[in-house]
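Q:
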Amino acid sequence: MADSIIDLDELNDEISLHLREIMKIEQRFTIENRSYETERLEKIQNYIDKAVKIDADL
Amino acid sequence: MQIYSIEMKNFRCFFGTQRIDFSTDAEKNITLIHAQNGVGKTTLLNSILWCFYEKVSKGFEKPNNIINEEALKKNKFASASVQISFEHKGKQYDVFRSIRPDSRTSDLKIQMIEDDGNMRPLPEAGAKFMESIIPYDMARYFFFDGENATAFGSTENKDEVSEAVKNILGCHLLDRTLDDLQKVEKVYNRQIATNTVNLDTQKASNEITSNESEILDLEEKLVQNRKNLQYAKEEEQKKAKELQSLKASAELAKRRSEYEYDLYRHKRKLEELKSSETEWIEENGISLVAKGISDMAFDFLEDLRKKGTIPSPYNETFVKDLLEHFVERDGKRVHECICGRTFEDGDEAFRHILSLKELATPLELEHNLTKVKSRIDALKREAVRAPQALKRIENDILEKNEEIKKCEREIEEIGKQLKDNPEERVKQLEAARNEWLSKRDECVRNDANLNNKINRLKEDNASLQQKIDSAERSTLKSKLFMKKRDLTRLIYNKLKDLSNEDQKTAIKVISHKINEILQGIMRKNVKVSISSDFKIDMAIDGTDLGRSNGEKQLLSLAFISALVWFAKIRENATSQYLLPGTIAPLVLDSPFGQLDDSYKPQTANFIPEMASQVVLLVSGSQGDASVMRYIEKHVGAEYILVRENTGERGSKPVDEIKINGEIYEQTRYNSNFNGTSVEEITLGETL
C-alpha cells in the first residue's frame, strides 16, 4: 500500500526537486517542534529567491 | 500499539484508583466494558486522550474539571492522574499524566521498560513522543466517541469525511506547506504591485526625441541669432565711428563713447560689489546671528574662570603621577609627594590626594575648553568688525549706482542732441545707429530666451530619462518577482496535485474496504462510493433513498474500520510529506446504540476484525444477548463500571445486569463515595 502513496523522492522533475527542498524546510520546523510562521515563510522565500537567481544565472 | 492497562485516579467520575487490564490475546482481542449511560464510558475514552495528549473529545463537558469532585471534598489537595502501560514496536512504555488542583497544566512522565524490567525515564520525550506514536489527528479515529458516530454516515458528511481522510493520511504538514506557499505567493504579488510603475516609457522616449530635435532647431537659431548680434554690433560701431568722423557730431560722439565706456566699467564694478556683498554674508553672517549665543557662552566661561573651576587648580596627570610615585622607606614601599613627604595607601594624605583627582580636569577636556573659548573670542571680534566691512561695500554699491545713472543721463542727453542736430547726415547716422542698437538689444534678448528654452528642454529630457531608467529598473525587479511568484505557484500546484492524487488513492482504497465490510454485514446489495469532494453515497439495492439511523451508524462504523485498516497498511509508508500510518487499539464507545436489531449480530461478528485490539464500551441495552452471543468468544477481559452511591436505595429499582450467568450490580448504594468504580468480571470457562 505504501507504494500507492506518491513518494516525492521518486519524482525527478525540476518542480519536484524544489518541492522536496521546501518540504525539508517545513519538516525541520516540525522536528524541532517549532511553528513560527514568519520564520518559515522567510526560509521558503529565501529558497525561492535562490532558485530563481540560479535559474537567471544559467 | 497495544495497551496493557490503564489506571485512573480521581479522574472525573472515577473515584480513588480504578484499574483496567486490557486483553492482549490475539484471538480474544476484545475488552468488553459494560456501563449504563452517564456512568463513565465516555470519561474512560477521554482518560486515554487526556493521558496521551492532554486533550478531550468534542462535547466532553467541563473539560478543565479533571479532578473528581468527591475526592476534592475529602481532600482539597487531591490530584488526578491517568497511567497507561502499552507496547509499541516491541518496546514497552508507561505514560503517567497528573494534575494538581492548584495547577492549570498537567505533568507528564514517560518511561520505557527495559528488557531487564527496569524503568528508564524518557525526560525529553514529552508530548512529541505520543505524537510520533499516534498523531492526535489520527488518534481521534482510534479512540472513537461512538455517540457521534452517525456523523460519517449522514448524507451531509463531506466535511467530516474530508477531515478524517486527511487526518488519517497525516496531511498536517502538507496542509501547512500549501498554506505557507500561498502566503509566500501573496508576498511576491505585493512586491510586483509595488514595483509596477505607471509610466508609458515609449511615450516618454518619444518626448525625449521630440525635445532633442527641438533643441537642435533652437541651437541653429541661436547660432543665427549670434551672427545677427555680431552684425548689429558691427553696424552700430560703423555708424558710431562715422558720427565721430563728422565735424558736426565728432565731439558729442566721442564724449558719448567715453561715457559708454565708463558705463560699462561701472556696471562691471557694480557686479563685483554685489558678489562681494553675497560672499561677505555667507562668510560673516553667522558671527552676527550667533552674537547673542556667543555672548552668553563667553559670560558662562568667564563666570567659571572667576570661580576657579576652569582651568582646574589641579591637573589630572599631576594628581595621577603623585599617586603612582613610590619610594622605599625602611624596607616599605610608600608614595612620595613632590615636597618629599611620604604617605601610604589609605592614610589621610592618600585619601586627600585621591579626592583631588575628582576635581582635576582631564587634559583633553582642558584642551577642548581652551579651543571653545578661543572660538568664542574670535566670533565676538568678528561680530564687532563685520558690520563695518558690510557698510563699506553697501556705500560703494550706492556710489556705483549714482555713477551709472549719471552716465546714462549723459548718454541720453547726447543722443537727443545728435537726433536734433541740424546736419541731416548726423540725424540719419544717429537714427541708423539707434536702429542697430535696438536690433542688437533684441538679439541679446533672443539669445537669453533661446538659451533658456534649450536649458529647459535639456532639463526636461534629463528628468524623463531618469524616470525611464527608474521604470526600467522597476520593471526588471517586477519581472524577477513575477518569476519568483510563478515558481511558487508551480510548486504549490505540484503539491496540490500530489495531495489530490494521494487523497484520490486513499478514497479509492477506503471505499473499497467499506464495501467489503458492509457486504459482509448487510444482506442487501450495498454499494458505497466516495466522491472527489468526499461525499459518501450509499446505494442499497441500486438506490440511495436516504438512510435510517441504524444504517448511518453502520456506515460510520464501516468507515472508521476502513480508516483504522488504512492507517495499519500505511504503518511503514515513507512519504516525505505525509505521516506514516499506525497500528493502535480501537476504542469504540456505544457502537450498537442506533443499529437496527437485524444488523446487530453481523456488526458484532465483524467488530473483532476491526483492529488487533478492540475496547468495546456498551450500555445494558447494547450488550444484549443477540450482540453478546457473537462477540463472547472474542472477549479476553470484561469489566463493569458501577455507579457508587453513599445514600440508601430506598424505593429506587434494583439496577443489575446478568453477565455469564452471574448477576452484577450496576448501581450500588451505602457506598463509601459517590462516583464510579471499576469491577472486573470473571470470565466463564466457556469463553
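Protein sequence lines correspond, in order, to chains A and B.
Just so you know, the first sequence maps onto residues 1 to 58 in the working numbering.
Just so you know, the second sequence maps onto residues 1001 to 1687 in the working numbering.
From the three backbone atoms N, C-alpha and C, an ideal C-beta is built for every residue, glycine too.
If you're wondering where the values come from, they're calculated on a predicted model, not measured in any experiment.
For the segment 1180-1214 of chain B, list every residue whose C-beta sits within 9 Å of some C-beta in chain A, in sequence order.
A: If the cut-off is 9 Å between Cβ atoms, the segment 1180-1214 of chain B has D1180, L1181, K1183, V1184, V1187, Y1188 near chain A.
Q: Assign R1643 (chain B) to one of three DSSP states: helix, strand, or coil.
A: Here residue 1643 (chain B) refers to the residue found at position 643 when the second sequence is read from its first residue. Strand.
Q: Strictly below 7 Å CB to CB, what residues from chain B border T30 (chain A)?
A: Counting from 1 along the first sequence, the entry for residue 30 (chain A) is found at position 30. Correct list: L1173.
Q: Checking 8 Å against the spacing of the C-beta atoms, do V1635 (chain B) and I1048 (chain B) come in under that value?
A: For the purposes of this step, residue 1635 (chain B) is taken as residue 635 along the second sequence, with counting starting at 1. For the purposes of this step, residue 1048 (chain B) is taken as residue 48 along the second sequence, with counting starting at 1. Not closer than 8 Å, so no.
Q: If S1671 (chain B) and N1037 (chain B) are in contact, beta carbons under 8 Å, what's the gap, nearest whole angstrom?
A: To locate residue 1671 (chain B), count along the second sequence from 1; it is residue 671. To locate residue 1037 (chain B), count along the second sequence from 1; it is residue 37. In fact, because the Cβ distance is near 20 Å, the residues do not count as touching under 8 Å.
Q: Between R1097 (chain B) and Q1111 (chain B), how many whole angstroms is the CB-CB distance? I'm expecting something under 8 Å.
A: Here residue 1097 (chain B) corresponds to residue number 97 of the second sequence, with the count starting at 1. Here residue 1111 (chain B) corresponds to residue number 111 of the second sequence, with the count starting at 1. That belief does not hold up - the Cβ atoms of R1097 (chain B) and Q1111 (chain B) are roughly 12 Å apart, past 8 Å.
Q: Buried or exposed: which applies to S1438 (chain B), given that a residue is buried once 16 or more other Cβ atoms fall within 10 Å of its Cβ?
A: Within the second sequence, numbered from 1, the residue matching residue 1438 (chain B) stands at position 438. With fewer than 16 Cβ atoms within 10 Å of its Cβ, S1438 (chain B) is classed as exposed.
Q: Return the chain-ordered ranges of every beta strand (DSSP E) run that is complete within the segment 1093-1170 of chain B and spans a minimum of 3 residues.
A: Runs found: 1107-1113, 1119-1121.
Q: Any beta carbon from chain A within less than 8 Å of T1177 (chain B)'s own beta carbon?
A: Locating residue 1177 (chain B) in the second sequence gives position 177, where the first residue counts as 1. It does; some Cβ of chain A falls within 8 Å.
Q: Using only alpha-carbon positions, find the residue among B:P1591, B:P1608, B:F1481, B:T1667 that is nearest to K1186 (chain B).
A: Numbered from its first residue, the second sequence carries residue 1186 (chain B) at position 186. Taking only the C-alpha atoms, the option nearest K1186 (chain B) is B:F1481.
Q: Return the chain-ordered list of same chain residues with a C-beta closer than 7 Å to the C-beta of T1488 (chain B), the five sequence neighbours on each side being excluded.
A: If you number the second sequence from 1, residue 1488 (chain B) lands on position 488. Counting only Cβ-Cβ distances below 7 Å, and skipping sequence neighbours, we find L1181, V1184, E1185, Y1188.
Q: Grab me the residues of K1477 (chain B)'s own chain with a C-beta within less than 7 Å of its C-beta, minus the 5 sequence neighbours each way, in chain order.
A: Along the second sequence, one-based indexing puts residue 1477 (chain B) at 477. Closer than 7 Å at the Cβ level, and outside the excluded window around K1477 (chain B), lie N1195.
Q: Which residues mark the beginning and the end of the alpha helix (DSSP H) in which A1080 (chain B) is found?
A: Taking the second sequence and counting its residues from 1, the one referred to as residue 1080 (chain B) is at position 80. From DSSP, A1080 (chain B) is part of no alpha helix (DSSP H) but of the beta strand (DSSP E) over 1080-1088.
Q: Give the secondary structure of R1456 (chain B) by DSSP, where H, G and I count as helix, E and B as strand, and everything else as coil.
A: Residue numbering aside, residue 1456 (chain B) sits at position 456 when the second sequence is read from its first letter. The answer is helix: DSSP assigns R1456 (chain B) an H, G or I state.
Q: Spatial neighbours of V1587 (chain B) within its chain, please: C-beta separation below 6 Å, excluding the five flanking residues on both sides.
A: By one-based count along the second sequence, residue 1587 (chain B) stands at place 587. Within the same chain, V1587 (chain B) has close Cβ partners L1045, F1143, V1615.
Q: With the cut-off set at 8 Å, would you say I1084 (chain B) and I1006 (chain B) are in Cβ contact?
A: Locating residue 1084 (chain B) in the second sequence gives position 84, where the first residue counts as 1. Locating residue 1006 (chain B) in the second sequence gives position 6, where the first residue counts as 1. Yes, they are a contact pair.
Q: Whose CA, out of B:A1604, B:L1563, B:K1306, lies closest to the CA of A1584 (chain B)?
A: Against the second sequence, residue 1584 (chain B) aligns to sequence position 584. That would be B:L1563, whose Cα lies nearest to the Cα of A1584 (chain B).
Q: Taking only beta-carbon atoms, is K1504 (chain B) less than 8 Å away from chain A?
A: For the purposes of this step, residue 1504 (chain B) is identified with residue 504 of the second sequence, where counting begins at 1. No, its Cβ sits nowhere closer than 8 Å to a Cβ of chain A.
Q: Within its chain, find whatever has a CB closer than 7 Å to the CB of V1056 (chain B); leave out the 5 residues flanking it on each side and keep chain order.
A: Within the second sequence, the letter at position 56 stands for residue 1056 (chain B). Contacts found: N1046, L1049, W1050, P1063.
Q: Could you say which of B:Y1259, B:A1297, B:E1382 lies nearest to E1408 (chain B) if we only look at CA atoms?
A: Numbered from its first residue, the second sequence carries residue 1408 (chain B) at position 408. Considering only alpha carbons, the answer is B:Y1259.
Q: Could you check which residue in A:V52, A:E26, A:E14, A:T30 has the C-alpha nearest to that of K43 (chain A)?
A: Within the first sequence, the letter at position 43 stands for residue 43 (chain A). If we check each option's Cα against that of K43 (chain A), A:E26 comes out closest.
Q: With a CB to CB cut of under 6 Å and the five nearest residues on each side skipped, what residues in its chain are close to I1066 (chain B)?
A: Here residue 1066 (chain B) is taken as the residue at index 66 of the second sequence, counted from 1. For I1066 (chain B), where only same-chain residues beyond five positions count, the Cβ hits under 6 Å are A1080, I1099.
Q: According to the neighbour-count rule (16 or more other Cβ atoms, all chains shown, within 10 Å of its Cβ), is E1680 (chain B) buried or exposed?
A: Start at 1 with the first residue of the second sequence, and residue 1680 (chain B) comes out as number 680. Classification of E1680 (chain B): exposed, given that the 10 Å Cβ count is below 16.
Q: Which of the three DSSP states is assigned to R1329 (chain B) in this structure?
A: As a first step, residue 1329 (chain B) is located in the second sequence; it is residue number 329 there, counting from the start. Three-state DSSP puts R1329 (chain B) in a strand.
Q: Please report whether the beta-carbon of A2 (chain A) lies at a distance below 8 Å from any beta-carbon of chain B.
A: The sequence position of residue 2 (chain A) within the first sequence is 2, counting from 1. At A2 (chain A) the pLDDT is 38, less than 50, meaning the model places this residue with poor confidence and gives no usable figure here.
Q: Measure the CB-CB distance between K1076 (chain B) and P1101 (chain B) and report whether it falls below 8 Å.
A: Along the second sequence, read from residue 1 onward, the residue named residue 1076 (chain B) stands at position 76. Along the second sequence, read from residue 1 onward, the residue named residue 1101 (chain B) stands at position 101. The answer is yes: Cβ separation under 8 Å.
Q: On the three-state DSSP scale, how would you describe I1507 (chain B)?
A: Along the second sequence, read from residue 1 onward, the residue named residue 1507 (chain B) stands at position 507. Three-state result, I1507 (chain B): helix.
Q: Pull up the distance between the alpha-carbon of R1342 (chain B) and that of F1318 (chain B), whole angstroms please.
A: Position 342 of the second sequence holds residue 1342 (chain B). Position 318 of the second sequence holds residue 1318 (chain B). Note that residue 1342 (chain B) is Thr in the sequence shown, not Arg. Cα to Cα, T1342 (chain B) sits roughly 16 Å from F1318 (chain B).
Q: Exposed or buried, K1307 (chain B), counting other C-beta atoms within 10 Å across all chains shown (16 or more means buried)?
A: As a first step, residue 1307 (chain B) must be located in the second sequence, where it is residue number 307. Exposed, since its Cβ has fewer than 16 Cβ neighbours within 10 Å.
Q: If you run the structure through DSSP and keep just helix, strand and coil, what is D1589 (chain B)?
A: Within the second sequence, numbered from 1, the residue matching residue 1589 (chain B) stands at position 589. In the structure shown, D1589 (chain B) sits in a strand (DSSP, three-state: E or B).
Q: Should C1171 (chain B) go down as buried or exposed, given a rule of 16 or more other Cβ atoms within 10 Å for buried?
A: In the second sequence, counting from the first residue as 1, residue 1171 (chain B) sits at position 171. Counting Cβ neighbours within 10 Å, C1171 (chain B) comes out buried, since at least 16 surround it.
Q: When burial is assigned at 16 or more other CB atoms within 10 Å of the CB, is L17 (chain A) buried or exposed?
A: Position 17 of the first sequence, counting from 1, holds the residue named residue 17 (chain A). Looking at its Cβ environment, which holds fewer than 16 other Cβ atoms inside 10 Å, L17 (chain A) is exposed.
Q: Verify whether the separation of the beta carbon atoms of L1579 (chain B) and D1502 (chain B) is less than 8 Å.
A: Residue numbering aside, residue 1579 (chain B) sits at position 579 when the second sequence is read from its first letter. Residue numbering aside, residue 1502 (chain B) sits at position 502 when the second sequence is read from its first letter. Contact flag unset, no.
Q: Taking the alpha helix (DSSP H) that K1239 (chain B) falls in, what are its first and last residues?
A: Taking the first residue of the second sequence as position 1, residue 1239 (chain B) is located at position 239. Counting along the chain, the alpha helix (DSSP H) containing K1239 (chain B) begins and ends at 1201-1245.
Q: Taking G1340 (chain B) as part of the alpha helix (DSSP H), name the residues at either end of that continuous run.
A: Mapped onto the second sequence, residue 1340 (chain B) falls at position 340. Looking at the DSSP string, G1340 (chain B) is not in any alpha helix (DSSP H), and its letter there is neither H nor E.
Q: For K1009 (chain B), which residues does DSSP report across the bridge?
A: Position 9 of the second sequence, counted from the start, is the residue given in the question as residue 1009 (chain B). Answer is B:T1017, B:S1081, bridged to K1009 (chain B).
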